[in-house]
Amino acid sequence: MPRQPPLSTAERPLSDSFRHLSSITKLRNEWDWIKWSRELNDAFDLINGNYWEILNGDRCRPAEPEYAVTSAEEVQRFIARRDKIVAKKVTQQELTTVMQDHVQDNARLRQRYETALELWKDQNWRALVLLRSTIAHEPQSRINGMKNVRDAYLSLLACYGTTWQNAVLKWSKWTAISFESDMDPKTFVLRFENALEELLLVVDPPNVPPIVQFMQFVDAMRYHVGAHKFLATASVERNVGSTMQDTYDHFYACGPYKD
1 MPRQPPLSTA ERPLSDSFRH LSSITKLRNE WDWIKWSREL NDAFDLINGN YWEILNGDRC
61 RPAEPEYAVT SAEEVQRFIA RRDKIVAKKV TQQELTTVMQ DHVQDNARLR QRYETALELW
121 KDQNWRALVL LRSTIAHEPQ SRINGMKNVR DAYLSLLACY GTTWQNAVLK WSKWTAISFE
181 SDMDPKTFVL RFENALEELL LVVDPPNVPP IVQFMQFVDA MRYHVGAHKF LATASVERNV
241 GSTMQDTYDH FYACGPYKD
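Per the UniProt record's numbering, the very first residue in the sequence shown carries number 1; after that it's consecutive.
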């Protein structure tokens, strides 16, 4: 079991959460999967909705932010580009002021990042402990040593979630994803990718043709008024020989997305 991170002051003691899991179907084999995963989802939503979002991949480990430059030479070039002047015209006073501002901004960014990271680590650990308490010995052995609840869930899915009934559910989950008007583009792509990843783990052979992936991605935004630029330039012919990452990059380049 991974070592417990420092207890978040926003979280209740872990022991309080186990009562929500007492009636969950124990995962022993593939025939338990659908009932177990649904009950686990319901329990996690009662305990803390963030736990299920981390498990299903929608709440990723926070990425370290890009910090502003702080050296004299880099800041001088930054000011010159910003003000569209030659570097030698940047005054010492302005250089000093901007350097100090960048240092302070970086400190605030780092503090927010470290706070968010510690919270994510704590909630990931808790979700993993709770998940492990709902599975039998054999499934336990498949995730020994894992420290990320998403990885553990995917490992279990690949082994116990491969019935045709669950494949249908995963297909339905993937094809139900849509680019909603108030959704951040990166959130949409993340959910699309996560659902596709789960689908590929349960279908045999593990393949969804690239053209089907592309067409489903396009279909997922058909009701988003702000996606007209992407939809106008997306085509099967354009997609030939391209990867889904190429499609995502083109999607981002066609933003911003507003109704």
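By construction, the Cβ of each residue, glycine as well, lies at the ideal position given by its N, Cα and C atoms.
Quantities reported herein were computed from a predicted structural model and do not represent experimental measurements.
Measure the alpha-carbon distance for residue i versus residue j and round it to whole angstroms.
| i | j | result |
| --- | --- | --- |
| residue 157 | residue 201 | 7 Å |
| residue 70 | residue 172 | 49 Å |
| residue 97 | residue 79 | 11 Å |
| residue 65 | residue 247 | 25 Å |
| residue 45 | residue 51 | 8 Å |
| residue 42 | residue 128 | 16 Å |
| residue 17 | residue 24 | 13 Å |
| residue 195 | residue 232 | 25 Å |
| residue 242 | residue 92 | 50 Å |
| residue 105 | residue 185 | 26 Å |
| residue 7 | residue 228 | The predicted model places residue 7 with a pLDDT of 48, which falls under 50 and marks its position as unreliable; any figure quoted below should be read in that light. When rounded, the distance between both Cα atoms is 46 Å. |
Who does residue i pair with in a DSSP beta bridge?
| i | result |
| --- | --- |
| residue 135 | 27 |
Looking at residue j and residue i, is the spacing between their C-beta atoms short of 9 Å?
| i | j | result |
| --- | --- | --- |
| residue 14 | residue 130 | yes |
| residue 179 | residue 224 | yes |
| residue 189 | residue 199 | no |
| residue 278 | residue 95 | With the chain running from 1 to 259 in the structure shown, residue 278 is simply not present. |
| residue 75 | residue 83 | no |
| residue 72 | residue 99 | yes |
| residue 261 | residue 236 | Given a span of 1 to 259 for the chain in the structure shown, any question on residue 261 remains unanswerable. |
Under the rule that 16 or more other beta-carbon atoms within 10 Å means buried, what is residue i, buried or exposed?
| i | result |
| --- | --- |
| residue 123 | buried |
| residue 170 | buried |
| residue 144 | exposed |
| residue 19 | exposed |
| residue 125 | buried |
| residue 175 | exposed |
| residue 36 | buried |
Between residue i and residue j, how many whole angstroms is the CB-CB distance? I'm expecting something under 8 Å.
| i | j | result |
| --- | --- | --- |
| residue 30 | residue 160 | 5 Å |
| residue 54 | residue 150 | 7 Å |
| residue 226 | residue 252 | Wrong, their Cβ atoms sit about 13 Å apart, outside the cutoff. |
| residue 81 | residue 120 | Contact flag wrong, Cβ pair sits at about 34 Å. |
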